[in-house]
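Engineer: Residue numbers (this note's numbering): 1 to 346.
Built from N, CA and C at the ideal position, the CB exists for glycine as well.
This is the structure, below, for whatever I ask next.
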Ligand code: 5AD
């Protein structure tokens, strides 16, 4: 299998069949070889720097009913909340003092945050923190709305494609959602000049190795600036309550493949990785990730943003423990830096 890693390193992509072979045929030796190369590629571009993003969970209202997600509309056992502009600004204030220079506003698809409210929040943050980047992660919208966000000052947008295969997509979402519209949004965002992030869950229900290969090929076509992946973790109040979760091992393998495909990619070591394994986030970094996103949300809303069971919310992943995160990263040879952490063109 090492020859496929070498080929990926050289050509930055493989055929679908080769990706399937590499993923399905992986073993501890291939993984170690892949991780070593992923670290090398990452260090050539980003050195040992780790970029941090302050995550602000804006709202857990959502009009969608994704079968995997704990804050889906149909879940009546969620205590719903929305943050006010002043609360968001207070989070940014605290984050800025801690050294964050990127704020990520993430939320369910909540119509309360219409274009006027959202652009007002974006402008206010930009005015107060002109040296910071704003990342939005607010789901699907029209070209016009994305354009308004961009004009108000948003720099980046995260929208996972979830799965590139339309049939698989239909097994994870109600029929009013489509893989086609998701992809349309991603291309619109690119056209508008956002730094764009996409991604998918590893080990989601009905996922096959072929699907994972298709995810990689879709990303090769999209050519995003960021890709977030994490294991699927079941949530007890969703239709997928009894489905098996994804594994740390396969997630790390996929992450390292992404690093070889896109040397300059911004790859977060996600909260989901930290949730399934206490050292998940460190292992993500050692497999090629270069970003972490500590939680900056007000303490009282954190446990309300439960997209999957046992999501870590007030422990080491949170911004209050940034000093511990820095220490953990130093221990494995990496350094958290104070910077916007923009995408670096090779
Ligand atoms: N397990 C893991 N990841 C999930 N997400 C949503 N629900 C789950 C879950 N149960 C991911 C989706 C979404 C991102 C915000 O979180 O990929 O895009």
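With residue 168 and residue 211 assumed to form a contact (beta carbons below 8 angstroms), what rounded beta-carbon distance in angstroms separates them?
Structural biologist: Rounded, the Cβ-Cβ distance is 5 angstroms, consistent with contact.
Engineer: Could you have a look at residue 166 and say whether DSSP puts it in helix, strand or coil?
Structural biologist: Note: residue 166 maps to helix in three-state DSSP.
Engineer: Measuring only the C-alpha atoms, how far is residue 100 from residue 57?
Structural biologist: Roughly 16 angstroms separates the two Cα atoms.
Engineer: Sorry if obvious, but does the Cβ on residue 109 come closer than 7 angstroms to a heavy atom of the ligand 5AD?
Structural biologist: Checking every heavy atom of the ligand 5AD against the Cβ of residue 109, none is found closer than 7 angstroms.
Engineer: Does the beta-carbon of residue 157, which I'm using as the reference point, lie nearer than 7 angstroms to any heavy atom of the ligand 5AD?
Structural biologist: False, no ligand heavy atom lies under 7 angstroms from that Cβ.
Engineer: If you measure from the CB of residue 307, is any heavy atom of the ligand 5AD nearer than 7 angstroms?
Structural biologist: Under cutoff, so the answer is yes.
Engineer: As an exercise, report each continuous beta strand (DSSP E) stretch of at least 3 residues that is fully enclosed by the region 19-85, in chain order.
Structural biologist: Listed in chain order, the complete beta strand (DSSP E) runs (minimum 3 residues) inside the region 19-85 are 49-52, 54-59.
Engineer: Mind listing, in chain order, the continuous alpha helix (DSSP H) runs of no fewer than 4 residues lying wholly within the region 237-283?
Structural biologist: If we require 4 residues or more, the alpha helix (DSSP H) runs fully inside the region 237-283 come out as 248-261, 271-276.
Engineer: Is residue 68 close to the ligand 5AD? I mean its beta-carbon at under 7 angstroms from any heavy atom of the ligand.
Structural biologist: Yes, since a heavy atom of the ligand 5AD falls inside the 7 angstroms radius drawn around the Cβ of residue 68.
Engineer: Could you work out which residue in 297, 240, 50, 184 is closest to residue 171 when comparing CA atoms only?
Structural biologist: Of the candidates 297, 240, 50, 184, the one whose C-alpha sits nearest the C-alpha of residue 171 is 240.
Engineer: Could you pull the start and end residues of the alpha helix (DSSP H) that residue 145 belongs to?
Structural biologist: Per DSSP, residue 145 belongs to the alpha helix (DSSP H) from 143-152.
Engineer: Taking the straight line between their C-alpha atoms, what separation do you get for residue 285 and residue 182?
Structural biologist: Taking the straight line from one Cα to the other gives about 28 angstroms.
Engineer: Does the distance from the CB of residue 109 to the CB of residue 147 come in under 8 angstroms?
Structural biologist: Contact flag unset, no.
Engineer: Within the chosen definition, does the region 54-72 reach the region 183-199 through at least 3 CB pairs nearer than 8 angstroms?
Structural biologist: Touching, no, given that fewer than three Cβ pairs across the two stretches are closer than 8 angstroms.
Engineer: When the Cα of residue 230 is compared with those of 220, 258, 223, 218, which residue comes out closest?
Structural biologist: Residue 258 is the option with its Cα nearest to residue 230.
Engineer: Terminal residues of the continuous alpha helix (DSSP H) containing residue 209?
Structural biologist: It spans 209-222 - the alpha helix (DSSP H) in which residue 209 sits, taken as one unbroken run.
Engineer: Any chance the CB of residue 230 is under 7 angstroms from a heavy atom of the ligand 5AD?
Structural biologist: Yes, since a heavy atom of the ligand 5AD falls inside the 7 angstroms radius drawn around the Cβ of residue 230.
Engineer: Going by alpha carbons, who is nearest to residue 80 out of 287, 325, 215, 302?
Structural biologist: Checking every option, the nearest Cα to that of residue 80 belongs to 302.
Engineer: Quick one: is the Cβ of residue 170 within less than 7 angstroms of any heavy atom of the ligand 5AD?
Structural biologist: For the ligand 5AD, not one heavy atom lies less than 7 angstroms from the Cβ of residue 170.
Engineer: Pull up the distance between the alpha-carbon of residue 119 and that of residue 152, whole angstroms please.
Structural biologist: Cα-Cα distance, rounded: 6 angstroms.
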